[in-house]
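Mapped onto our numbering, the consecutive letters of the sequence shown carry residue numbers 3 to 243. Ideal Cβ positions, reconstructed from N, Cα and C, are used throughout, including at glycine.
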Amino acid sequence: ERVQDRGSLVWVHLWDPHAPCEAAASFARANPYHGEVQAMDAALGRLLDYLRQDSAWEQTTVLVVSDHGEAFGEHQEWTHGSFCFESTMTIPMILRAPGIASGSRSDDLVSVVDVATTLAAALGLKSFPESVDGRNLLELVPTDRGVYMESYQAYFTLGWSPTWGWVNRQWKYLDAGTPYLFGLAADPGELENLAPGEVEVVHKFRGDIQQLFDLPALPTQLVQGQDEELLQAIQALGYAQ
C-alpha cells in the first residue's frame with residue numbers, strides 16, 4: 003500500500019536465473035540459463051506494466067541489478083562464488099528515474115555498493131551514513147574511481163585463502179595469497195598476470211583496499227529490533243548474521 007505524498011520502497015528479489023537451471027517449458031532454450039534469463043525478463047515486464055498504470059509512474063525510480071554473474075567453465079569455475087573473475091563480477095545494472103533520458107547509457111564504473119545510496123537519494127533520505135562506500139547514481143559524475151570486490155566462499159567451505167580485489171578503468175587486481183594484475187582492455191579473459199612487472203600499481207591498490215577496510219562498519223542496531231520476521235528472512239538468505 004502506498005501512502006499519498008510519502009516515498010515508498012518495493013524490493014523484488016527474483017531467484018532465477020540460478021543453478022540448477024530449469025526454465026519453464028515456455029522458455030525452453032538450448033542453453034537453460036538463457037531460458038531462465040528470458041523468464042525473469044518476462045516477469046519484470048509484467049511488474050513494470052503494472053507500475054506504469056500508477057499515477058506516480060513518472061516520479062518512480064526503478065533500479066534493476068544482478069547480484070553476480072555466472073561462470074561456464076572460465077578459469078575452471080562453474081556457477082559462481084569461489085573466484086572474482088569477470089565472468090561472475092561483471093553484471094547488468096539498469097536505472098530508470100525522473101531526469102534520466104530514456105535509452106541513455108554510461109560507461110562509468112559502478113557497483114552494487116551504489117544501490118543503497120542511490121535508492122536512499124531517490125526516497126529523499128537525508129540521514130544515510132556518510133561512511134558508506136557508495137555513490138548516488140542519480141547524480142553520476144564521471145570519475146576514475148576504483149571498486150572493491152571479494153569472495154569468502156572458498157575460505158569458509160574449503161579453507162582456501164579469501165579473495166579480494168580492486169578494479170578501475172585500466173586495471174584489475176586480485177589477491178588470494180598471490181597477487182594478480184590484469185589489463186582488461188587488452189586481456190578481457192584475465193589470462194596474463196602483470197603483477198610482477200607492475201609493483202607500484204599493486205602497492206597502490208593494496209592501499210586503496212586498506213583505506214576501505216579502515217572505514218567504520220555500520221552499527222548493527224540499524225537492522226536489529228526493527229522487524230524480527232524480516233530480519234529472520236534476511237538471515238535465512240545469508241545476507242545478515
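Check, Outcome
"Beta-carbon contacts of L142 that lie in its chain and below 8 Å, excluding the five residues immediately before and after", "S108, D110, V112"
"Neighbourhood of Q40 by C-beta, 6 Å cutoff - its chain only, sequence neighbours within 5 removed", "F29"
"The segment 145 to 161 contacting the segment 77 to 84, beta-carbon criterion three pairs below 8 Å", "yes"
"DSSP-derived helix/strand/coil call for Y154", "coil"
"Alpha helix (DSSP H) segment containing D43, residue limits", "34 to 54"
"Where V117 sits in the DSSP three-state scheme", "helix"
"A197 versus K206: straight-line alpha-carbon distance, rounded", "12 Å"
"Range of the contiguous beta strand (DSSP E) that encloses T90", "Here T90 belongs to no beta strand (DSSP E); instead the alpha helix (DSSP H) covers 88 to 91."
"According to DSSP, residues forming a beta bridge with W168", "Y150, Y175"
"Cβ-Cβ distance between L97 and V64 below 9 Å", "yes"
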